[in-house]
Every structure is written in C-alpha cells, then in structure tokens.
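*Asks:*
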Amino acid sequence: MDTIAGFFSFITTPVSWVIVQFHTVYGAIFGADTGWAWGLSIVSLVILIRICLIPLFVKQIKATRAMQTLQPEMKKIQERYKNDKQRQSEEMMKLYKETGTNPLSSCLPILAQSPFFFALYHVLNGIATGKTIGVINDDLLASARKAHIFGAPLAAKFMDSSDKVEALGATLTDVRVVTAVMIVLMSFSQFYTQRQLMTKNVDTTVKTPFMQQQKMLMYVFPVMFAVFGINFPVGVLVYWLTTNVWTMGQQMYVIRNNPTPGSKAQAAYLERLHKHVTNHGKTRNRRERAIVKAIVAKGRDRNEFERKFINGLTKSGLAAQPDGNVVKSEGSVATLTAEDGAPTTTAAPKRQQPKRQSKAQRQSGAAKAAGGSTAANASDASGSSDSGASEPTSLSKSEQPKDASQPAARKAGTPKSGSGGRSKAQSGQRKGGPQRPKSPSKK
Numbered sequence: 007m008d009t010i011a012g013f014f015s016f017i018t019t020p021v022s023w024v025i026v027q028f029h030t031v032y033g034a035i036f037g038a039d040t041g042w043a044w045g046l047s048i049v050s051l052v053i054l055i056r057i058c059l060i061p062l063f064v065k066q067i068k069a070t071r072a073m074q075t076l077q078p079e080m081k082k083i084q085e086r087y088k089n090d091k092q093r094q095s096e097e098m099m100k101l102y103k104e105t106g107t108n109p110l111s112s113c114l115p116i117l118a119q120s121p122f123f124f125a126l127y128h129v130l131n132g133i134a135t136g137k138t139i140g141v142i143n144d145d146l147l148a149s150a151r152k153a154h155i156f157g158a159p160l161a162a163k164f165m166d167s168s169d170k171v172e173a174l175g176a177t178l179t180d181v182r183v184v185t186a187v188m189i190v191l192m193s194f195s196q197f198y199t200q201r202q203l204m205t206k207n208v209d210t211t212v213k214t215p216f217m218q219q220q221k222m223l224m225y226v227f228p229v230m231f232a233v234f235g236i237n238f239p240v241g242v243l244v245y246w247l248t249t250n251v252w253t254m255g256q257q258m259y260v261i262r263n264n265p266t267p268g269s270k271a272q273a274a275y276l277e278r279l280h281k282h283v284t285n286h287g288k289t290r291n292r293r294e295r296a297i298v299k300a301i302v303a304k305g306r307d308r309n310e311f312e313r314k315f316i317n318g319l320t321k322s323g324l325a326a327q328p329d330g331n332v333v334k335s336e337g338s339v340a341t342l343t344a345e346d347g348a349p350t351t352t353a354a355p356k357r358q359q360p361k362r363q364s365k366a367q368r369q370s371g372a373a374k375a376a377g378g379s380t381a382a383n384a385s386d387a388s389g390s391s392d393s394g395a396s397e398p399t400s401l402s403k404s405e406q407p408k409d410a411s412q413p414a415a416r417k418a419g420t421p422k423s424g425s426g427g428r429s430k431a432q433s434g435q436r437k438g439g440p441q442r443p444k445s446p447s448k449k
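What follows is the structure, given as structure tokens:
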C-alpha cells in the first residue's frame, strides 16, 4: 500500500488541500470537530471531481453506444477468422480505425477518478494512524480523529479491532452497523445503476455478446464493492457511496433525455416528445430538433419506435422537416384568403359519413312515405266522388279496365304485398272515405 501511496503522492497534497478548504467552510457552520463538517467536505470533494469528469462521461456514453453498434460486425470478424488470432486482431483494429471508436473510452471516467480515490484513501489512512499528510497539520489531524459520522469515527473500518475503535472514541457495534449500512447502500446503488442501463438503455433489436458482458458486470460489481468495502475507512465509504449516487442520478438523466436508439428509453422519450409537439405544434429546443433531424435523415433505416413517432405526427396533421422543425402538413390544412388579401390557413373540415340505419328504422320510414301517399289518394278519391255522385260505385268484369286494380298505389311507390306499408294503407282506406270497389270473383 505504501508503494501505491507513493505513486499517487503527487495528487495527495491537492486532495488534502481541497478537503481542508471545504472543512473551513462547513466547520464555521457545524463546528470544526463534527462529523458533518468532515463528512460534507468529502461529499463536496466528490461533487467537484465528478463535475470535472462530465466531459469524459459524455465521451464514455458515445463510446459505449459505438461499441454496441459495432458488435454485429465484430462478431462476424471473430467467426470469419476464428482460427487466425493475428488476422482477427488486425481486422478489429481496422474496424476501430474506420469507425473512429476506442474501446478504452468507456473506462475513462473510472481511470480518471482512480487517482483521487487512492489519494483520499491515503489521507484517511494517515488520519487513522495519526500521521500528518499533505496540508493536514497536527491541529486538523486531531480534529479529524474526533469527527464521528452517525457514531462511527471517520477513519474506522469494519474489520478493525475493538481496541483500535475504542482508541478513536467509539464502540465496535456502532462502527460495524454504520459501515454495513454504507456497504449495502453502495452495492445496491451500483447494481441499480447497471440494471437500469441494461433494461432501459440497450438496443433490444440487436442481441450481441456485449449485452451478456454487461449483464455479468451487473452482478459482479456489487459483490466486489461488498468484499472490498469491509476494508475501507468510513470516510472512503462516504466518498464511494456519494460517487455511486451521483453516477446513478447522472445516468437516469441521460437515459431520460438522450436514450440509446432502439431501447425502451427511446420509446418512452419519443412518446413524451410526440405529446408535446402535438400540443404546441413545434419542438422546444435545439436538442429536440437534433433528435427529430436525425430521425428524418434515417429514412427507411428507422427503427420501430421512430417509425411510430413519424406516423403519429402524420396522423396529427404535422410533418417533420429535414432541419428538425415540425410544421403543419399541407394535406391537413386549407388555404383561405382573408378580407385584406392575406392568406390564412385553417384546418380542412372532416368528411361526415352517413349513419347506417337499422332495419326497423328503414321500415318505419317506408311506412311513413306510404301513409302520406295513401292520404293523398284518399283525398283525390273523395273529390271525385263529390263531383260525380251519379256514377255507379261498382263495375262489372267486362267494364273494368285492365289496369284498374290498384293503379294509384303502384305509381305512388306503395310497397309490394306482404310489407307493413301496404297493410297500413289498406287499413287507412277502410276507416275513412269511400270504400274501394272490389273486383268480381273469378268463377
């Protein structure tokens, strides 16, 4: 451990100086010897380091997505040159060079954070052993040894003996309970971070060995944290728990706002984007315009969620433009001219389809039409009887014309025999007006 501490000694002094500066601020608020002052100093150190590592985190995301995209090609190379390892390595390097991908880019944040981790561990180990280090002098060393976080000294470990813990002014039970809770939280945060990456932000349309590798790491990392955590001081556990929580929150933000194409996170994001665009008729900011522009540029290569997004815009009367903007579709608007001559646009009226009538409704309408024509025939018959009362009311077979049987009813569109309209018309003739002459029997 002394060799590692000597190797990272160039960063031990800056780390100790940053902790002391934060301790000065928090010590004026909570007290110089309190665990809040020293604990918050460590948390602030983590936040400062992670803010500086944000550019590397962005590069890590791009490298991880590029590696996911190259997995099918890498698998083909491995199968093609499975008996020639040298040619396989050459083809892999050629593929990385052509696509501009670096496999080590996904490890940059961890590699960049490692020196700060070992420097902090060396500082806290010096506090536990009573040695000054960096800019931490004797007064600050004594103050740090008095600091307790929930009853556990800052420099105590889970595996420390009871005598060593009592020398720091605490009990072994308090130290082990606090360190155990921190180790569990640290392992759980690491597991959840890796799990949401696997379940939400992975392209489900491509099954590659990379997914199996990530799934294995999802279970391996928490176990590693649990094993190594029992040998970390409480201050280092605070540092590592804080950085895990920061990573989890940072990844949740990235998954929500910049998801991997083809993942479940992209489906949820495009659904939210479609809802906003249809409500406001435009994209909100440059990032949304960049996403819409990328979807339009894919053309036929769009995945299922992107096609659903474009089709949803079309159904809403909108169209995505190549520059990323969203405008009203020409097929869904009609151009009008205002009184002052300025063209205005308004939504085209929808075509109304006639409602289909049921059989009972059609029969009722036919009966009403037949009733009206029967009433008209009855009034005509009444007028003719008044004007010619001397004419006979019955006709013989030889005198009856060939078309005398129901000529008016046929011409007026009376339904055929057996329909409800005919029965109602005949019943109406019997109730009022002159009776219809009966045809003679055929004998």
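The sequence shown runs 7 to 449 under our numbering. Don't be surprised by glycine CBs; every beta carbon is placed ideally from N, CA and C.
#1: When the Cα atoms are used, what is the spatial distance from L59 to N263?
#2: Would you check if the distance between the CB atom of I460 and the CB atom of N207 is smaller than 7 angstroms?
#3: Under 7 angstroms, do V141 and W23 count as touching if we go by C-beta distance?
#4: What are the boundary residues of the alpha helix (DSSP H) that includes K91?
#5: Taking only beta-carbon atoms, is P61 less than 7 angstroms away from chain B?
#6: Please say whether T138 and L147 have beta carbons closer to each other than 7 angstroms?
#7: Which class does V332 belong to by DSSP, given the choice of helix, strand or coil?
#8: Roughly how many angstroms lie between the CA atoms of G323 and V332, to the nearest whole one?
#9: Just to confirm, is the Cβ distance from V240 to I133 under 7 angstroms?
#10: What separation, rounded to the nearest whole angstrom, lies between the Cα atoms of N6 and K281?
#11: Closer than 7 angstroms by C-beta to G235: which residues in its own chain qualify, once you throw out the five before and the five after it? Chain order, please.
#12: Who are the near neighbours of S423 in its chain, counting only those whose CB is closer than 7 angstroms to its CB and skipping five residues on each side?
#13: Can you give me the C-alpha to C-alpha distance between L174 and D144, rounded to a whole angstrom?
#14: Would V302 pass as a contact of P328 if the rule is Cβ separation under 7 angstroms?
#15: Alpha carbons only, please: which of R306, K304, D307, L276 is nearest the one belonging to E294?
#16: Could you check which residue in F28, H286, Q196, S335 has the C-alpha nearest to that of T253?
#17: How is the beta strand (DSSP E) around L324 delimited, first residue to last?
#18: Can you give, in chain order, each stretch of the alpha helix (DSSP H) that sits fully within the segment 216–269 and has at least 4 residues?
#19: How would you label K408, buried or exposed, when you count the other beta carbons within 10 angstroms and need 16 or more for buried?
#20: With DSSP as the reference, label A34 as helix, strand or coil.
#21: Cα-Cα, which of A34, V49, N89, P121 is closest to T18?
#22: Near A158, which residues of its chain fall below 7 angstroms by C-beta distance, leaving aside the five closest residues on each side in sequence?
#23: For H286, count neighbouring Cβ atoms within 10 angstroms of its own Cβ and tell me buried if that reaches 16, exposed if not.
#24: What's the gap between the Cα of V229 and the Cα of I55?
#25: Measuring alpha carbon to alpha carbon, tell me which of M98, K65, Q92, L319 ends up nearest I116.
#26: On the three-state DSSP scale, how would you describe A162?
#27: For Y102 versus R93, is the C-beta spacing smaller than 7 angstroms?
#28: Evaluate T171 with the Cβ neighbour count: other Cβ atoms within 10 Å of its Cβ, from every protein chain shown; 16 or more gives buried, anything less gives exposed.
#29: Less than 8 angstroms between C-beta atoms, sequence neighbours within five positions excluded: which residues of the same chain meet that for K221?
#30: Is G330 closer than 7 angstroms to V298 when the C-beta atoms are compared?
#31: In the DSSP assignment, find the unbroken alpha helix (DSSP H) run with N108 in it and report its ends.
#32: CB-CB under 7 angstroms to S198, same chain, minus the five flanking residues each way: which ones, in chain order?
#33: Based on the DSSP secondary-structure assignment, which residues constitute the bridge partners of H154?
#34: Taking the Cβ atom as the reference point for each residue, do P257 and M224 lie within a distance shorter than 7 angstroms?
#35: Leaving out five residues before and five after F36 in sequence, what residues of the same chain have Cβ atoms less than 7 angstroms from its Cβ?
*Replies:* Concretely, from the data shown:
#1: Straight-line spacing of the CA atoms in L59 and N263 works out to 19 angstroms.
#2: The requested residue 460 is not part of the displayed model; the chain covers only 7 to 449.
#3: At a Cβ-Cβ threshold of 7 angstroms, V141 and W23 count as neighbours.
#4: Unbroken alpha helix (DSSP H) run through K91: 91–105.
#5: This model lacks chain B altogether; it includes just one protein chain.
#6: For L147 and T138, yes; Cβs fall inside 7 angstroms.
#7: Of the three classes helix, strand and coil, the one that applies to V332 here is strand, per DSSP.
#8: If I take the Cα positions, the gap works out to 10 angstroms.
#9: No.
#10: What is shown of the chain runs 7 to 449, which leaves residue 6 out entirely.
#11: Excluding its 5 nearest sequence neighbours in each direction, G235 has C-beta neighbours in its own chain below 7 angstroms: I189, M192, L243, listed in chain order.
#12: Only weak support exists for where S423 lies, its pLDDT of 45 falling under 50; the value from the coordinates is given anyway. For S423, where only same-chain residues beyond five positions count, there are no Cβ hits under 7 angstroms.
#13: Taking the straight line from one Cα to the other gives about 16 angstroms.
#14: Yes, the pair counts as a contact, with Cβ atoms nearer than the cut-off.
#15: Of the candidates R306, K304, D307, L276, L276 places its Cα closest to the Cα of E294.
#16: Ranking F28, H286, Q196, S335 by Cα distance to T253 puts Q196 first.
#17: Annotation for L324: the continuous beta strand (DSSP E) segment containing it runs 324–326.
#18: List check, alpha helix (DSSP H) in window: 240–263.
#19: Because K408 carries a pLDDT of 45, less than 50, the predicted location of this residue cannot be relied on, and no value is offered for it.
#20: Here A34 sits in helix by DSSP.
#21: Closest option to T18, Cα to Cα, is P121.
#22: The residues are A176, D180, V181, V184, T185, V240.
#23: H286 comes out exposed.
#24: Counting only the Cα atoms, I55 lies some 25 angstroms from V229.
#25: When each option's Cα is compared against that of I116, the closest is K65.
#26: A162: coil per DSSP, three-state reduction.
#27: No; because the gap between Cβ atoms is not below 7 angstroms, this pair is not in contact.
#28: For the record, residue 171 in the displayed sequence is Val; it is not Thr. Label assigned to V171: buried.
#29: Excluding positions up to five away in sequence, the list reads M204.
#30: Going by C-beta atoms, V298 is nearer than 7 angstroms to G330.
#31: It is not in any alpha helix (DSSP H) - N108 carries neither H nor E in the DSSP assignment.
#32: One detail in the question is off: residue 198 reads as Tyr in this sequence, not Ser. M254, listed in sequence order.
#33: H154 is bridged by DSSP to P159.
#34: What sits at residue 257 in the sequence shown is Gln, not Pro. Cβ distance not < 7 angstroms, so Q257 and M224 don't count as in contact.
#35: The beta carbon of F36 sits closer than 7 angstroms to those of W42, A43, all from its chain and outside the five residues before and after it, given in chain order.
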